[in-house]
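Heads up: the structure comes next, in structure tokens.
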Amino acid sequence: MLSVFDGTALSPPPLWLMRQAGRYLPEYRATRAKAGGFLDLCYNPSLAAEVTLQPIRRYGFDAAILFSDILVVPDALGQKVRFVEGEGPRLTPLTAGADVAKLSIGGAQKTFEIVAETVQRVRQDLPPETALIGFCGAPWTVATYMIGGQGSSDQGPTRRMAYRDPVMFQALMDTLVEASVSYLDGQVRAGADLLQIFDSWAGSLPEDEFDAWVIAPTKALVAEMKCRHPTVPIIGFPRGAGAHAARFAVETGVDAVGCDTAMPLSQIRATLSGRTVVQGNLDPLLLVEGGVRMKKRVMEIVATLGVNPFIFNLGHGIVPETPPEHVAELVRFVRDGAQHEAGRGG
Ligand code: 1CP
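In this text, residue positions in the sequence shown follow the numbering used here: the first is -1, and each later residue adds one.
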């Protein structure tokens, strides 16, 4: 898979799926039950390594992604995170500069070492040809949980806080850049071959704020990682970036752009393909459906994007309702069927 980053278009394209380890897999649910809470699973290197490897054993993806969560960073910094069953993450919201000042990067190191141990264990057990992806949340997306205290549809509390108290907000972004560098650096030293930065809530911002809150901190994070590990590729996933995606690709210095479900293939082809590595972007709900509709779309994606350096993926994470056999069907089709059919003009 890594040779796409040297500018090679591979046929069939390499493939992995966001949230490939997770609740749609019975073996994940069994391990999760053994671990107790979700964060207990993230902080148990043996069990976290096991769930990272489960989808590789089943499907032979070209890459494994470390099993962890973007909210491990605030938890490690001292803003404790709870996962409420059926509801999602809950944090005590940061409300003032004093709350940001209490976050401790030094204090986070022990937690980061636990995650690095997971990476080390996975790398030992992973077939050598399978790449290992480390990851973190982008500062903007992580900040939306730290200020909002939970997920939200428009990130309103965080946008308002950033307008009202830019000094506090900037201090938080700087802290998150530094913490994320430390977290990712530990993952690379432990054996991660490439990295992905998840900016799941990049899509809610006006132009100037996209520059200031998405591009600028990502650029700082990428620059520092490139300084420490110049050969480790970095995928940016600015979900919802829309018309800003091409600028994101150029200005942040990432090596690849993850495209979300809504991004038109024509736009990806015109503004990203051939200039950067493209990753994406099958609708996760088409994977729930499976069958001919899914295959038709896979063929369009591969025919349009596969002529340039490309990694096949979904446009967002696998949803829990996904039948595991549809994932097997997708993998078979991407590997054997899609370019054959596309080559026939199908
Ligand atoms: O009970 C469970 O088992 C919890 C479900 C779950 C899982 C499987 C959560 C809670 N996190 C994860 C793992 C996870 N999260 C991975 C593992 C690797 C893989 O992809 O297989 C990764 C990369 C993430 C990243 C993540 N966590 C993101 C970015 C990607 C995205 O989906 O947009 C975000 C926003 C989170 C926060 C989070 N963690 C979990 C939930 C339910 C959420 C979303 C909360 C919300 O806003 O509603």
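Backbone N, C-alpha and C fix where the C-beta goes; we use that ideal spot for every residue, glycine too.
If you're wondering where the values come from, they're calculated on a predicted model, not measured in any experiment.
Tell me whether residue i counts as near ligand 1, meaning its Cβ is closer than 6 Å to at least one heavy atom of that ligand.
i, result
"G146", "no"
"Q52", "no"
"G149", "yes"
"D402", "Past the edges of the chain, shown from -1 to 344, lies residue 402, and the structure says nothing about it."
"A19", "yes"
"I233", "no"
"F196", "yes"
"M261", "no"
Cα-Cα, which of the options is closest to residue i?
i, options, result
"Q265", "A74, M(-1) and L303", "L303"
"P322", "Y22, L37 and M16", "Y22"
"A301", "N279, G240, V317 and D38", "N279"
"Q77", "M159, T90, M261 and F65", "T90"
"I232", "S202, F133 and D172", "F133"
"V220", "R121, F208 and L192", "L192"
"P12", "G315, N306 and T320", "N306"
"L124", "L75, G135, A169 and P53", "P53"
"W211", "M159, P10, T50 and E115", "M159"
"T93", "L170, A31, A268 and F208", "L170"
Rounded to whole angstroms, what's the CA-CA distance from residue i to residue j? Just pull it up for me.
i, j, result
"V117", "K293", "33 Å"
"W14", "Q194", "12 Å"
"A106", "V71", "8 Å"
"D4", "G84", "42 Å"
"V332", "L130", "20 Å"
"S180", "R291", "43 Å"
"F167", "T156", "9 Å"
"E327", "G288", "8 Å"
"A239", "L203", "9 Å"
"M60", "E205", "Position check: residue 60 holds Asp in this sequence, whereas Met was assumed. Answer to the nearest angstrom: the Cα atoms are 35 Å apart."
Answer with buried or exposed for residue i, where buried requires no fewer than 16 other C-beta atoms within 10 angstroms of its C-beta.
i, result
"A99", "exposed"
"V165", "exposed"
"V230", "buried"
"C225", "exposed"
"T29", "buried"
"A378", "Since the first and last residues shown for the chain are -1 and 344, residue 378 lies out of range."
"S66", "buried"
Per DSSP, which one or two residues make a beta bridge with residue i?
i, result
"D197", "P236"
"C354", "What is shown of the chain runs -1 to 344, which leaves residue 354 out entirely."
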